[in-house]
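Q: Sequential numbering from 267 applies to the sequence shown in the working numbering.
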Amino acid sequence: MCDSIFDASGKEIGHPRRIRSFVRRGGRLTTSQQKALDDFYPVFGVQPGTDPIDLKNLFGREAPLWLEVGIGNGDALVAMAAAQPDKNFLGIEVHRAGVGHCLFEVNRLGLTNVRVIEQDAVEVLGQRLPESCVDRFLLFFPDPWHKKKHKKRRIVSHAFAQTVKRLLVDEGVWHLATDWEDYASHMVEVLDAESCFENMAGESGPWSPRPEYRPYTRFERRGERLGHGVWDLFYKSC
Ligand SMILES: C[S@@+](CC[C@H](N)C(=O)[O-])C[C@H]1O[C@@H](n2cnc3c(N)ncnc32)[C@H](O)[C@@H]1O
Numbered sequence: 267m268c269d270s271i272f273d274a275s276g277k278e279i280g281h282p283r284r285i286r287s288f289v290r291r292g293g294r295l296t297t298s299q300q301k302a303l304d305d306f307y308p309v310f311g312v313q314p315g316t317d318p319i320d321l322k323n324l325f326g327r328e329a330p331l332w333l334e335v336g337i338g339n340g341d342a343l344v345a346m347a348a349a350q351p352d353k354n355f356l357g358i359e360v361h362r363a364g365v366g367h368c369l370f371e372v373n374r375l376g377l378t379n380v381r382v383i384e385q386d387a388v389e390v391l392g393q394r395l396p397e398s399c400v401d402r403f404l405l406f407f408p409d410p411w412h413k414k415k416h417k418k419r420r421i422v423s424h425a426f427a428q429t430v431k432r433l434l435v436d437e438g439v440w441h442l443a444t445d446w447e448d449y450a451s452h453m454v455e456v457l458d459a460e461s462c463f464e465n466m467a468g469e470s471g472p473w474s475p476r477p478e479y480r481p482y483t484r485f486e487r488r489g490e491r492l493g494h495g496v497w498d499l500f501y502k503s504c
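#1: Under 8 angstroms by Cβ, that's how I've got M466 and F426 pegged, so tell me the actual separation to the nearest angstrom.
#2: Output the boundary residues of the alpha helix (DSSP H) element that contains G489.
#3: Between the Cα of L303 and the Cα atoms of R374, W446, Q350, C368, which residue gives the shortest distance?
#4: Please indicate yes or no: does the CB of P481 lie closer than 7 angstroms to some heavy atom of ligand 1?
#5: In three-state DSSP terms, what is G364?
#6: Can at least three beta-carbon pairs, one atom from the region 368-384 and one from the region 341-358, be found at a separation below 8 angstroms?
#7: Could you tell me the boundaries of the beta strand (DSSP E) in which N354 lies?
#8: Does any heavy atom of ligand 1 sit closer than 7 angstroms to the C-beta of I285?
#9: Considering only C-alpha positions, which residue in the set Y482, Q428, W473 is nearest to F463?
#10: Between P408 and ligand 1, is the CB less than 7 angstroms from at least one heavy atom?
#11: Which runs of the alpha helix (DSSP H) fall wholly inside the region 301-354 and span at least 4 residues, in chain order?
#12: Is the Cβ-Cβ distance between G364 and I337 less than 8 angstroms?
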């Protein structure tokens, strides 16, 4: 999170505005998204705020945790959770309609191993989760912020890498995927410079083949239609 600003006497006088990695999309919710939010956020959602999250209490069990930031509509989160009932899946997203869609699907499929938070991930990760609680950290198709003047809004940064490092268990894995080549190179540049992360691709790296567990999302299909490539990266916390 951002540091406070102090005056010459040491009095706290404010906080600098943090650069955000998202723009809140407006637009109306569909009836089913609104209904899913009303009916299922109290069941599968976590109240936004600053309170620490008790993961055992939240999921009602202890199991390896896979955490996805920027779930969009939740397509990947839901498919992974359905395929791997032995794991807990936590999704974070600021787009309300996407959270509604995800909750609709969680209920439709009767999944019990998914929880969702509608809040800025930077706040959740930095303030609300204990260290060494995540087995796999997933960041699929983060907003690319193509324009040069917007690159500072990219969520992958050295500060973000330190946050992810704090959350990952020893030898935990950060899986990133993007369809924007310049962002893929940026990810490698940032993470290769972090001594606490090791690229897992070996000599053929830095890119890794797409793993079977990563489902196709609408966003990825759209990129494919536009002729974009896809780059998967795996970094182990060391
Ligand atoms: C380009 S979309 C990709 C969505 C999804 N991963 C997919 O592949 O379909 C990126 C998503 O990240 C979300 N996002 C960006 N920054 C975020 C943040 N700081 N906290 C939570 N969600 C964020 C956006 O709202 C958006 O839905």
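Note that the Cβ used here is the ideal one computed from N, Cα and C, for glycine as well.
A: Quick look at the numbers:
#1: F426 and M466 do not touch by the CB rule: their CB atoms are close to 19 angstroms apart, not below 8 angstroms.
#2: 484-491 is the extent of the alpha helix (DSSP H) around G489.
#3: Residue C368 is the option with its Cα nearest to L303.
#4: No, since every heavy atom of ligand 1 falls outside the 7 angstroms radius drawn around the Cβ of P481.
#5: Three-state result, G364: helix.
#6: Touching, yes.
#7: Counting along the chain, N354 sits inside the beta strand (DSSP E) bounded by residues 354-359.
#8: Answer for I285: no, Cβ out of range of ligand 1.
#9: Taking only the C-alpha atoms, the option nearest F463 is Q428.
#10: Between ligand 1 and the CB of P408, the shortest heavy atom gap is smaller than 7 angstroms.
#11: Those alpha helix (DSSP H) runs which fall completely within the region 301-354 and span 4+ residues are 321-325, 341-349.
#12: Yes; because the gap between Cβ atoms is below 8 angstroms, this pair is in contact.
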